[in-house]
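Colleague:
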Amino acid sequence: MHVTLLGTGGPRPDPERQGPATLVEASRLAVLFDAGRGVATQLVRANVRAEDLDAVFITHHHFDHIGGLGDLILAAWNNGRTRPLPVFGPPGTAAIIDGLLDQVYARDINFRIAEEWVHGRLLDHPRAFLEVKEVLSQRIDLPNGVEVTSGQVEHGSMGIELSIEEWSANGYRISAEGRHVAISGDAVAGLELADLAHQADALVMCAYLSEGEITTSEETFLTEQVLAGAPQAAAIAQEAGVGHLILTHIREKSDVAIELMRSQITEVFPGEVTVGSDLMTIDA
Ligand SMILES: [Zn+2]
Numbered sequence: 093m094h095v096t097l098l099g100t101g102g103p104r105p106d107p108e109r110q111g112p113a114t115l116v117e118a119s120r121l122a123v124l125f126d127a128g129r130g131v132a133t134q135l136v137r138a139n140v141r142a143e144d145l146d147a148v149f150i151t152h153h154h155f156d157h158i159g160g161l162g163d164l165i166l167a168a169w170n171n172g173r174t175r176p177l178p179v180f181g182p183p184g185t186a187a188i189i190d191g192l193l194d195q196v197y198a199r200d201i202n203f204r205i206a207e208e209w210v211h212g213r214l215l216d217h218p219r220a221f222l223e224v225k226e227v228l229s230q231r232i233d234l235p236n237g238v239e240v241t242s243g244q245v246e247h248g249s250m251g252i253e254l255s256i257e258e259w260s261a262n263g264y265r266i267s268a269e270g271r272h273v274a275i276s277g278d279a280v281a282g283l284e285l286a287d288l289a290h291q292a293d294a295l296v297m298c299a300y301l302s303e304g305e306i307t308t309s310e311e312t313f314l315t316e317q318v319l320a321g322a323p324q325a326a327a328i329a330q331e332a333g334v335g336h337l338i339l340t341h342i343r344e345k346s347d348v349a350i351e352l353m354r355s356q357i358t359e360v361f362p363g364e365v366t367v368g369s370d371l372m373t374i375d376a
C-alpha cells in the first residue's frame, strides 16, 4: 500500500501544509481520506486526478477536513467524471453535500449544465455520480478485495458534551493484500481507535502539538479531550502495537521543534516514526 500525505496541516492556514487529506493506493484503487484545503491541487501534484478516485472517506466535519470537498467534487465533475464515486462519512455528511450542490454551488452547476445545452451536449448533474453513505462503526467492502473498517473515535464530544447526532467523528482502517493502514482522523485515545489501529502496519495519526507546546490548561484540555498531541500519539501507537507511526495534522513549528517532537516520540514508541510533510509518499 502506498500512503501519500496530501495535506498535513490543520485549521490554521500554513504555507507549508495544506489541509488534512491522505491518499491510499492499494490493489489498483485510489482512496482518499478527508478533503482539506487544497486537496484537488495536491492530488494533481501526486499524479492522481480527482475524477480517478475510487472512494472518499470523511472523518468528521471540522472545516479543515472538508474545506476542499466542494472543490474536489466539482473538479471531478468539470473534468467529465460520470463513474459513481462513493463518499463515506459520519452522520451529517449527506446534508453537507446537499448544501454544497443545492446551495453553495447551485448557480455554478446550473450555469455549466445550461452552457452544455447550448453546445448540444448533455451534462448530468454532479449528483448523478455521487453515492453518499453515512457510516458509524462498520465494515465497508470496496472493489478488488479492499476492505475499510470505520469506527467512532473520540474528538471532543465527551469533553464538550455533544451527542453523537451533534458531533460524530470516524477513524478508518484500510486493508488490502494482507496489509493494514489505520487513519485516526482527529482523535484522542479511545476504544474504537485502539481497535482500528491494533497491530496495523501503519497508523496515520494526528499530532497537533509537541510536548513543549502543551503548557496552558487550554492546550492540556485540547490534547487530552479533543486532538492528540505528540505524547498522546506515541502512547496510542505504542499500546496498539503499530509498526509505523506517521504523524500528520501538525501545527506550524520550526524544524528544530519537529525533530525534537520526533525524538521524544521514539523514547515511548519502539516502531518507525515519520513526521509527515505534504506530498510525502510512504510504503506501508
Ligand atoms: Zn482537524
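Each number in our numbering corresponds to the 1-based position in the sequence shown with 92 added. C-beta atoms are modelled at their ideal positions from N, C-alpha and C, and glycine is treated no differently.
#1: Between which two residues does the alpha helix (DSSP H) harbouring Thr312 extend?
#2: In chain order, what residues of the same chain lie with their CB nearer than 6 Å to the CB of Phe377, ignoring the 5 residues before and after it?
#3: Just how far apart, CA to CA, sit Ala127 and Glu239?
#4: My assumption, with CB atoms under 8 Å, is that Pro112 sits in contact with Ile165. Please give the rounded CB distance.
#5: Can you find a heavy atom of ligand 1 that lies under 8 Å from the Cβ of Pro323?
#6: For the beta strand (DSSP E) containing Ile232, list its first residue and its last residue.
#7: Can you check whether the CB of Glu284 is closer than 9 Å to the CB of Gln324?
#8: I want to check one thing, is the minimum distance from the CB of Pro103 to the heavy atoms of ligand 1 below 8 Å?
#9: Between the alpha carbons of Ile357 and Ile252, how many angstroms are there, rounded?
#10: Check for me: the beta strand (DSSP E) holding Met297 runs from which residue to which?
#11: Sorry if obvious, but does the Cβ on Lys319 come closer than 8 Å to a heavy atom of ligand 1?
#12: What are the uninterrupted segments assigned as alpha helix (DSSP H) that are 4 or more residues long and contained completely in the region 143-175, given in chain order?
#13: Could you check whether the Cβ of Asp278 sits closer than 8 Å to any heavy atom belonging to ligand 1?
Modeller: Short version:
#1: As a first step, residue 312 must be located in the sequence shown, where it is residue number 220. Note, Thr312: alpha helix (DSSP H), Ser309 to Phe313.
#2: Since the first residue of the chain shown is 93 and the last is 376, residue 377 is not available in this structure.
#3: For the purposes of this step, residue 127 is taken as residue 35 along the sequence shown, with counting starting at 1. For the purposes of this step, residue 239 is taken as residue 147 along the sequence shown, with counting starting at 1. The alpha-carbon atoms of Ala127 and Glu239 are separated by roughly 20 Å.
#4: Your numbering for residue 112 matches position 20 in the sequence shown. Your numbering for residue 165 matches position 73 in the sequence shown. Going by Cβ atoms, the distance from Pro112 to Ile165 rounds to 17 Å, so no, they are not a contact pair.
#5: In the sequence shown, residue 323 corresponds to position 231, counting from 1. No.
#6: Looking up residue 232 in the sequence shown gives position 140. Taken as a continuous stretch (DSSP letters only), the beta strand (DSSP E) holding Ile232 covers Gln230 to Asp233.
#7: Indexing the sequence shown from 1 puts residue 324 at position 232. Indexing the sequence shown from 1 puts residue 284 at position 192. No. Outside cutoff.
#8: In the sequence shown, counting from the first residue as 1, residue 103 sits at position 11. At least one heavy atom of ligand 1 is nearer than 8 Å to the Cβ of Pro103, so yes.
#9: The residue labelled residue 357 in the question sits at position 265 within the sequence shown. The residue labelled residue 252 in the question sits at position 160 within the sequence shown. Looking at the two C-alpha atoms, the distance is approximately 28 Å.
#10: Here the question's residue 297 lines up with position 205 in the sequence shown. Ala294 to Cys298 is the extent of the beta strand (DSSP E) around Met297.
#11: As a working mapping, residue 319 is identified with position 227 in the sequence shown. Per the sequence shown, residue 319 should be read as Leu rather than Lys. It does: the Cβ of Leu319 is within 8 Å (strictly closer) of some heavy atom of ligand 1.
#12: 155-158 and 161-170
#13: As a first step, residue 278 must be located in the sequence shown, where it is residue number 186. Indeed, a heavy atom of ligand 1 lies less than 8 Å from the Cβ.
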